[in-house]
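Read in order, the letters of the sequence shown are residues 39 to 349 in my numbering.
Note that beta-carbon positions come from the ideal geometry of N, C-alpha and C, so glycine has one too.
Read the structure below first, then the notes.
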Amino acid sequence: MINILGDAPTIKRLETGLYSFDRAFENRAGEVGFPLGKGIEIFGVTYCGKSTITYGLAGLIASAQEGNIALADLEGFDPDFLITVLENAKFSGDVQYIQTESDEDVLDKLVVFMKDKNYRVGILDSIGAISPISEQEGAIGEANMGRRAKIMAQFTRKSIKILRNPDAPSIFMVNHSYPRIGGRGSDTPGGEVKKYLASIRIQVKRKYFKGKYEEYPDGSYVIEGKVIKNRWGYKDRIFWLFVLSGKGIHKGLTAMYDGFMEGVVGKKKVVTIGDKSFGYLKNIIDEAQEGNDEFFDPFFEALKSKPEENE
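Okay, structure coming up:
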């Protein structure tokens, strides 16, 4: 028998109600749900929904923990869209927007807010937009290689100390993916240290279907995520999130889509569960836009009735 002496860390998890997402973070004991109080890097190519799903997940976490959100946005954001996405996630609280003259100060202030127990989520959007003082004050063309990586190394080391606490906040770091120059594969800005110290790394992209993006007439789309690193469970797990145009992650549409992927919801000309028809997909998206949440209850029930693989 093995006993761990001292105050061993416990991993708190949040079941978001997003079927494939929660199960993508399953641990070896069969526990599902998103690990809380960790450093998370969400990365992908441009215009794939990174900020949108980060806002949505931040809203779900902060709402569940009855806390506020600190936002260090270095790219510029739409306040109305942020509010809409957070409202869609049932979040009600404060969003502290951090803005100072230098990006170094922005990250320092984000660390300060993460030490405040009233703030349950921090967002850095994005790593690729960090502009060191030397770059801002220097001439265009001057060499500043490695300075962003150094800043991120310091930020992640400061964050890790905060995340050791049992009641730590969750810190999301949004990042871009770009092809390597003269080589195969892709990489992300900000150096290697952030990869080592982030407990969770998630790669996201818009889902393809029959050679094109799976996008719908109103602009809604599906995100496919892959858990590249998960210190608290398995890696390489896949999940899907349905992003409702102008609203963010929609739980009902995500349940429907998870049902497609799990084979418990039919998708031909119309969407079906067994012998029951729910109409054309376009009409179902209209139900979501109109806020008819009860319409989607059967999709959640269909997923609940699906036997788990380990049963």
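For the options 69, 209, 145, the alpha carbon positioned closest to that of residue 193 is the one of 145.
In the displayed model, residue 345 falls within coil according to three-state DSSP, outside both helix and strand.
Going by DSSP, residue 158 is part of the beta strand (DSSP E) stretching over 157–163.
Pairing residue 66 with residue 270, the inter-Cα distance amounts to about 9 Å. DSSP places residue 66 outside both helix and strand once states are collapsed to three, so it counts as coil. With distances taken between CA atoms, residue 210 lies nearest to 80 out of 134, 80, 336. In terms of CA proximity to residue 262, 287 leads the group 302, 287, 341, 326.
For the pair residue 68 and residue 275, the Cα-to-Cα distance works out to about 14 Å. Between residue 240 and residue 73 the beta-carbon gap is near 12 Å, outside 8 Å, which marks them as no contact.
Setting aside the 5 residues that flank it on each side, residue 109 is surrounded in the same chain by 133, 135, 161, each with a C-beta closer than 6 Å to its C-beta; the list follows chain order.
By the neighbour-count definition (other C-beta atoms within 10 Å, threshold 16), residue 234 is an exposed residue.
Per DSSP, reduced to three states, the secondary structure at residue 211 is strand. Residue 148 sits away from residue 292, with the two beta carbons spaced by 8 Å or more. Rounded to whole angstroms, residue 302 and residue 336 show a C-alpha spacing of 11 Å. Assigned with DSSP and collapsed to three states, residue 203 falls in coil, not helix or strand. With 16 or more other Cβ atoms inside 10 Å of its own Cβ, residue 232 counts as buried. Unbroken beta strand (DSSP E) runs of no fewer than 3 residues, entirely contained in the region 69–102, are found at 77–82, following chain order. Take the alpha-carbon of residue 296 and the one of residue 230: they are about 34 Å apart.
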